[in-house]
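First comes the structure, then the notes that go with it.
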Amino acid sequence: MLAQQRQQAILERVRRTGGVRVAQLVRDLGVSDMTIRRDLEVLAERGLIVKVHGGATATGTGSTEEPGFAAKSVRQQAEKEAIARRAAMLVRPGSSVALSAGTTTWTLAHHLVDVPELTVITNSVQVADVFHRAGRPDQTVVLVGGVRTPSDALVGPVAVAAVRSLNVDTLMLGVHGMSVRAGYTTPNLLEAETDRALVAAAQQLVVLADHTKWGTIGISTIAALDEAGVVVSDVGLPEEARTALSEHAGELLLADPSGETELETPLETALETAL
């Protein structure tokens, strides 16, 4: 396959799925890692894709743009892993926890499979699959129904009706963006409605959002900043965001992808004292 043909194939895949991984392209196209990275560089220089760690995603940043699960899974992987590790420390054995859809909550799910006697409520096909594969007999996993979105969330009237009948200790909420004015947002109107139902069903709201989410605004607001008892982000969060979240949210926890330091606001951890 000629370079131009290969690059066109890569571009078509990015446009179709929202994102690609270098490792998968190497396997599928039968070329070296270096060749794929060179192809991605060419496409990025032409403004056709956006290079990210481990792959590439589609261009576009509108308030209704909703990247697919594959696209989001290659973004800020180290930060999401650090956030997931820190958030998992807030979940106690025997508790009930809801996980919204998203790649950060999906990463968190991998850390929660070892928590005994956990009851998990989720509208994410991907999150439910993590627990299903682990197969712990002492964990109960409830996957609500609904219409599937590009990010593999189940949303709509069926999902909302199911969630409204439930009560959970904690909601781990992944978001598309957050700001002082708009709060925690998503680009999908139906997903926002389902997420709002999850917020209402939970005693405690924990928002998981890496530093790139600050200043990004989706078309629909899920919750105001001050509705979150805890926000778990990473040390890349800008100072203005730290100040705003410390003032509005109950507590701000900052995870360090390097593992060297983990920061938190002077307030005591709301979840740790509540549970």
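Numbering of the sequence shown is given in the UniProt record's numbering, commencing with residue 1 and proceeding in unit increments. Idealized CB from N, CA, C, for every residue including glycine. No experiment lies behind these values; they were computed from the predicted model shown.
| Item | Value |
| --- | --- |
| Below 8 Å CB to CB, which residues in the same chain sit around Thr-216 once its five sequence neighbours on both sides are set aside? | Thr-61, His-176, Gly-177, Met-178, Ser-179 and Thr-185 |
| Measure the beta-carbon distance from Ser-124 to Leu-99 and round it to whole angstroms, keeping in mind my assumption that it falls under 8 Å. | 6 Å |
| I believe Val-20 touches Arg-13 by the beta-carbon criterion, under 8 Å. Please report the beta-carbon distance rounded to the nearest angstrom. | 5 Å |
| Short of 6 Å in beta carbon distance, which residues of its chain neighbour Val-231, apart from the five on each side in sequence? Order them along the chain. | Val-207, Leu-245, Ala-249 and Leu-252 |
| By the three-class DSSP mapping on this structure, what secondary structure does Met-178 have? | strand |
| Looking at the strands, I want to know which residues DSSP matches up with Gly-259. | For Gly-259, which the question treats as bridged, DSSP gives no partner whatsoever. |
| With DSSP collapsed to three states, give me the class of Ile-83. | helix |
| Look up Leu-171 in the DSSP assignment and give the residues it is bridged to. | Ala-98 and Leu-205 |
| Which of the three DSSP states is assigned to Ser-151 in this structure? | coil |
| In angstroms with no decimal places, state the Cα-to-Cα distance between Val-158 and Thr-122. | 13 Å |
| Compute the Euclidean distance between the alpha carbons of Leu-108 and Gly-55, then round it to the nearest angstrom. | 21 Å |
| Within the chosen definition, does the region 149 to 165 reach the region 186 to 194 through at least 3 CB pairs nearer than 8 Å? | yes |
| Can you tell me the Cα-Cα spacing of Ala-101 and Pro-257, whole angstroms? | 22 Å |
| Buried or exposed: Gly-146, going by 16 or more other Cβ atoms within 10 Å of its Cβ? | buried |
| Determine the extent of the alpha helix (DSSP H) in which Asp-129 is found, giving its start and end residues. | 125 to 134 |
| Can you tell which of Val-31, Lys-51, Ile-36 and Asp-169 has its C-alpha closest to the C-alpha of Gly-18? | Lys-51 |
| Am I right that Thr-221 and Ala-255 are in contact with their C-beta atoms under 8 Å? What's the rounded C-beta distance? | With 8 Å as the limit, Thr-221 and Ala-255 do not qualify as a contact, their Cβ atoms being about 25 Å apart. |
| On the three-state DSSP scale, how would you describe Arg-6? | helix |
| Does the beta-carbon of residue 305 have 16 or more other beta-carbons within 10 angstroms, so that it is buried, or is it exposed? | The chain is shown from 1 up to 275; residue 305 falls before or after that span and cannot be answered. |
| Alpha carbon to alpha carbon, how far is Val-235 from Leu-2? | 43 Å |
| Tell me the residue span of the beta strand (DSSP E) that contains Asp-234. | 230 to 234 |
| Quick one: what's got a C-beta closer than 6 Å to Leu-275's C-beta in the same chain, skipping five residues either side? | Because Leu-275 carries a pLDDT of 47, less than 50, the predicted location of this residue cannot be relied on, and no value is offered for it. |
| In whole angstroms, give me the CA-to-CA distance for Glu-79 and Leu-25. | 23 Å |
| Output needed for Thr-35: all residues of its chain with C-beta closer than 6 Å, excluding positions within five of it in sequence on either side, in chain order. | none |
| Could you tell me the distance, in whole angstroms, from the CA atom of Gln-8 to the CA atom of Pro-238? | 37 Å |
| Just grab the DSSP bridge partners of Gly-183 for me. | Ser-179 |
| In chain order, what residues of the same chain have a beta carbon less than 6 Å from the beta carbon of Ala-44, not counting five sequence neighbours either side? | Lys-51 |
| Using CA atoms only, rank isn't needed, just tell me which of Thr-104, Pro-116, Ser-96 and Ala-241 is closest to Val-127. | Thr-104 |
| Using only alpha-carbon positions, find the residue among Asp-39, Arg-133 and Leu-154 that is nearest to Leu-189. | Leu-154 |
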